[in-house]
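As structure tokens, the structure follows; a few thoughts come after it.
There are 2 protein chains.
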Amino acid sequence: MSIVKEKTDQAIKILKELDVDLWLTYVRKTSEIMDPCLYFLTDESWFTWETAFVITKKGERVAICGRYDVPNVNKNIYEKIIGYDISIREPLHGVLNGLNPQVIAVNYSIDNIAADGLTHGMWLRLNKLLEGTNYAKILISSEKILGALRGRKTPSELALIKEAIKISQEGHLKITEKIKLGMTEKDIEKILMEHTMQKNVKVSYPPLINVGSDTAIGHGRGLSHIKVKQGDLINIDYGVFYQGYASDIQRLCYALRDGENEPPEEIKKAFQTVVEAITKSSEALRPSVMGWEVDSIARKIVTDGGYPEFMHALGHQIGRNVHDGGCLLGPKWEKYGQLPFMKVEEGQVFTLELHVFLENHGFCGLEEDVLVTVEGCQFLSDRQTELKLLKF
Amino acid sequence: MSIVKEKTDQAIKILKELDVDLWLTYVRKTSEIMDPCLYFLTDESWFTWETAFVITKKGERVAICGRYDVPNVNKNIYEKIIGYDISIREPLHGVLNGLNPQVIAVNYSIDNIAADGLTHGMWLRLNKLLEGTNYAKILISSEKILGALRGRKTPSELALIKEAIKISQEGHLKITEKIKLGMTEKDIEKILMEHTMQKNVKVSYPPLINVGSDTAIGHGRGLSHIKVKQGDLINIDYGVFYQGYASDIQRLCYALRDGENEPPEEIKKAFQTVVEAITKSSEALRPSVMGWEVDSIARKIVTDGGYPEFMHALGHQIGRNVHDGGCLLGPKWEKYGQLPFMKVEEGQVFTLELHVFLENHGFCGLEEDVLVTVEGCQFLSDRQTELKLLKF
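In the order they appear, the protein sequences are chains F and D. Okay, so the first sequence: first residue is 40 according to the numbering used here, each after it adds one. Okay, so the second sequence: first residue is 40 according to the numbering used here, each after it adds one.
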């Protein structure tokens, strides 16, 4: 079944569950800025003039778009596709009058990035379009709808995520096979990018390579000419998009010093702390727990171990993006808003990721991808529980 | 000089000209949804946590972002780059208090798509962040700033657009050389896509191929198995992005019938009408004219010729996108809002495009790319003024 079919069917179920009459996605010039939920609504994401996708809890699906964009809407999904020339006003009013909703959910959210595809200008424009009608007064945020819709993976979505994970893991394996003393962070990135190209996929974020204790920690291109030397921890954070679905995995190696057969105690302890934090938090991860509760378990293990806490969330969702929005396994920090207070749901896929930084060796971190099932947490990635030792 | 340097310098000039104290670009998770003006503010567009770019009319440039994103901000452009861990609130207040603006422009616009990068959720979030301060009361739309900034091309930008035009025109030339009877619209698209790949660029929109009178007119994939036959008009609309800058060009051929040495009168007249409409409107295109005035000249020539008017604007800007927002050479239709009432400025690059549809032959259209200079309109594309005749 197509993703668009699965997701629009799912959207109708969620509207029923949340008792929301009508969900309206209102976009324009999607080549300039695109509401990320459009991927769930139609296969072709190229819409030039104002376009409205309407889905109701009764199961109606209607699209209104500029006449030239009509061929871009999935015909098998929408029972009515209305093309217009001059203004969307009349067809939009017509559709709303026909459906007579008591509540209209639109895509904005203070906290949930994945549910915030309506621009402020489009919000104002919609209010202008609906001026003088009751509809302007019944607009609500669709964040609960989109939180659920993006979170609950359908069978097709799960299959794609698993494939993305497989490709990432193969990339990680190549690194451990090919890595040599003196290689730079940039060299390692190159191996990963070659693997990515060979697999005909794209990275889901710029790979993060952290070699030794002089590395720059960052979300971005911290890549440098820093070289692998004995005594270094080598952390690789690498994910790909497979047919639009993401993986996000960290793996860790240690470059043994001459004469060493195992890492120093300092590393062993840190690695065990990270593994333990993932184990214990994964045991707590199940439907209905709140995000911050899972995060706090890992965080406490780290601080109890005498380490400073990691300055990010323990886990984010993955799916249509590498940070899939909605419920977050994160601390109650202002920047995370309400996300850590959301409840975990069945079918969500999370990362579990954290690190400890060792002044003498570098970034000691791991990241796994896990699925929430009714029974609890199921690892989708092949967990790393032993530090990979490199002997040169 | 780098585009980011040129454009941030230009932004400061525009702030002075418009007497706006401070321009604030406020983004988060740019991999999910990205304010399109970010390209002008920094080379790396990957920002995960809330990020603020502040530019003032006095020339100050400050960036505030999550600690891990600090390496992604251009160090040579921003005099201050502030990384934070828990919340952007304190550093943002600190920066605003230091600069003490009387007006803050943020990126939303009802009409100008290219100036509408702030999502509604981020608008609400910003207002929450600024609650209790005077700043929440002095927020205005940056549409005039961004209209000018995106419109007025710098030397580096113009050079890139010219290269994009060159690559498009080479693609168009290939079509006229390779086209054969019986080729489908899909076959023609394939030739263009191969050319695009060879040139190592991307299309700036899905190419539009319209063969004969059975073709589907659309913004999207109207591509079909319709075959080239004698008596058909063949219209190709094809543009590329060269280093992020767009071209957008339509070219037209006619497949002569056996025994024909020139097209039927009906086509000659329609083609001349389209050429004439471009000529006359280009003569009117100069700084300070309003967009709708230029559009109306072309529109009148078409309707005076006895044809129905074309149901789109005569010309849009091109640049960082294939529809670059701001002033539009378009009719006063509701969907275009205020854009046709904006004044044309020196340095803007427009398309001039229109068509007449002939029931017996198909889509008779042309599209040129032009630059507005102080002297008037300069064609950047090699104008098509003769119908290309194909003899099979």
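Just so it is clear, CB atoms sit at the ideal spot from N, CA and C, and this is done for glycine as well.
Just tell me which of the options has its CA closest to the CA of residue i.
| i | options | result |
| --- | --- | --- |
| VAL328 of chain F | F:GLU45, F:MET232 and F:THR412 | F:THR412 |
| SER252 of chain F | F:LYS268, F:ILE340, F:ALA323 and F:TRP372 | F:LYS268 |
| LEU212 of chain F | F:ILE275, F:TYR346, F:VAL242 and F:ILE336 | F:ILE275 |
| GLN1 of chain F | F:PHE389, F:HIS351 and F:LEU61 | Lying before the first or after the last residue shown, residue 1 of chain F is absent from chain F, which here runs from 40 to 431. |
| LEU231 of chain D | D:LEU220, D:LYS46 and D:ILE206 | D:ILE206 |
| LYS427 of chain D | D:ILE306, D:VAL66 and D:ARG100 | D:ILE306 |
| PHE349 of chain F | F:VAL361, F:SER335 and F:HIS362 | F:SER335 |
| LYS225 of chain D | D:GLN208, D:PRO245 and D:GLU322 | D:PRO245 |
| ILE152 of chain F | D:GLY133, D:TRP162, D:LYS319 and D:LEU54 | D:TRP162 |
| GLY148 of chain F | D:HIS159, D:ASP150 and D:SER148 | For clarity, residue 148 of chain F is Ser in the given sequence; the question names Gly instead. Ranking the options by Cα distance to SER148 of chain F, first place goes to D:HIS159. |
| ILE214 of chain F | F:LYS238, F:ASN239, F:TYR277 and F:THR172 | F:TYR277 |
| PHE431 of chain F | F:LYS241, F:LEU135, F:ASN136 and F:GLU299 | F:GLU299 |
| GLY404 of chain D | D:ARG338, D:GLU301, D:LEU291 and D:VAL240 | D:LEU291 |
| SER286 of chain F | F:GLU301, F:LEU324 and F:LYS241 | F:LYS241 |
| THR172 of chain D | D:GLU45, D:ALA337 and D:LEU135 | D:LEU135 |
| LYS238 of chain F | F:ASN113, F:GLN208, F:GLU315 and F:ILE121 | F:GLN208 |
Take the Cβ of residue i as the centre, count every other Cβ of all protein chains shown within 10 Å, and call the residue buried at 16 or more, exposed below.
| i | result |
| --- | --- |
| MET236 of chain D | exposed |
| LEU247 of chain F | buried |
| LYS183 of chain F | buried |
| ASP82 of chain F | exposed |
| ASP58 of chain F | exposed |
| GLY190 of chain F | buried |
| LYS478 of chain F | This structure cannot speak to residue 478 of chain F, because chain F is shown only from 40 to 431. |
| GLU89 of chain D | buried |
| ASP363 of chain F | buried |
| GLN282 of chain F | exposed |
| ASN399 of chain D | exposed |
| LYS374 of chain F | buried |
| PRO194 of chain D | exposed |
| ASN249 of chain D | buried |
| GLU228 of chain D | buried |
Which whole-angstrom value is the C-beta distance of residue i and residue j, which I expect to be below 8 Å?
| i | j | result |
| --- | --- | --- |
| LEU353 of chain D | LEU391 of chain D | 6 Å |
| TYR117 of chain D | ALA102 of chain D | 5 Å |
| ILE72 of chain D | ILE340 of chain F | Not a contact, Cβ separation roughly 35 Å. |
| GLY210 of chain D | GLY365 of chain D | Actually they are not in contact, since the Cβ atoms of GLY210 of chain D and GLY365 of chain D sit about 27 Å apart, beyond 8 Å. |
| LEU324 of chain D | GLY221 of chain D | That pair is no contact at about 40 Å. |
Excluding the 5 residues flanking residue i on each side, which residues of the same chain have their C-beta closer than 6 Å to its C-beta?
| i | result |
| --- | --- |
| GLY344 of chain F | THR312 |
| TYR346 of chain F | VAL395 |
| LEU165 of chain F | TYR65 |
| GLU170 of chain F | none |
| VAL314 of chain F | THR424 |
Starting from the C-beta of residue i, find all residues in its chain whose C-beta is less than 8 Å away, skip the five residues before and the five after it, and write them out in chain order.
| i | result |
| --- | --- |
| PRO140 of chain F | ASP60, LEU61, THR95, TYR174 and ILE177 |
| TRP85 of chain F | THR69, SER70, ASP108 and ASN111 |
| PRO326 of chain D | LYS382, VAL383, GLU384, GLU385, VAL411 and VAL413 |
| ARG67 of chain D | PHE86, THR87, TRP88, GLU89, THR90 and MET161 |
| GLU45 of chain F | THR193, PRO194, SER195 and GLU196 |
Report yes if the C-beta distance between residue i and residue j is below 7 Å; otherwise report no.
| i | j | result |
| --- | --- | --- |
| LEU272 of chain F | GLY156 of chain F | no |
| GLU406 of chain D | GLN289 of chain D | yes |
| VAL145 of chain F | LEU63 of chain F | yes |
| ARG106 of chain D | ASP124 of chain D | yes |
| ILE42 of chain F | GLY98 of chain F | no |
| LEU397 of chain D | LEU410 of chain D | no |
| LYS223 of chain D | LYS266 of chain D | Note that residue 223 of chain D is Thr in the sequence shown, not Lys. Result yes, Cβ atoms of THR223 of chain D and LYS266 of chain D sit closer than 7 Å. |
| GLY330 of chain D | PRO370 of chain D | no |
| VAL361 of chain D | SER243 of chain D | yes |
| GLY376 of chain F | ASP48 of chain F | no |
| SER320 of chain D | ALA337 of chain D | yes |
| LEU393 of chain F | ALA309 of chain F | no |
For residue i, which residues of its own chain have a beta-carbon under 7 Å away from its beta-carbon, when the five flanking residues on both sides are left out?
| i | result |
| --- | --- |
| HIS258 of chain F | Note that HIS258 of chain F has pLDDT 49, beneath the 50 cutoff, so the model's placement of it is unreliable and the number below is only indicative. If we look at HIS258 of chain F and ignore the five residues flanking it on each side, it has no Cβ neighbours. |
| ARG422 of chain F | GLU407 |
| TYR284 of chain F | GLU196, LEU199, ILE200, ALA203, GLY358 and ARG359 |
| SER181 of chain D | TRP62, ALA144, VAL145, ASN146 and ALA154 |
| LEU131 of chain D | ALA91, ILE103 and LEU168 |
| GLY270 of chain F | ALA294, ARG296 and HIS400 |
| THR342 of chain F | GLU348 |
| ILE53 of chain D | ILE184, ALA187 and LEU188 |
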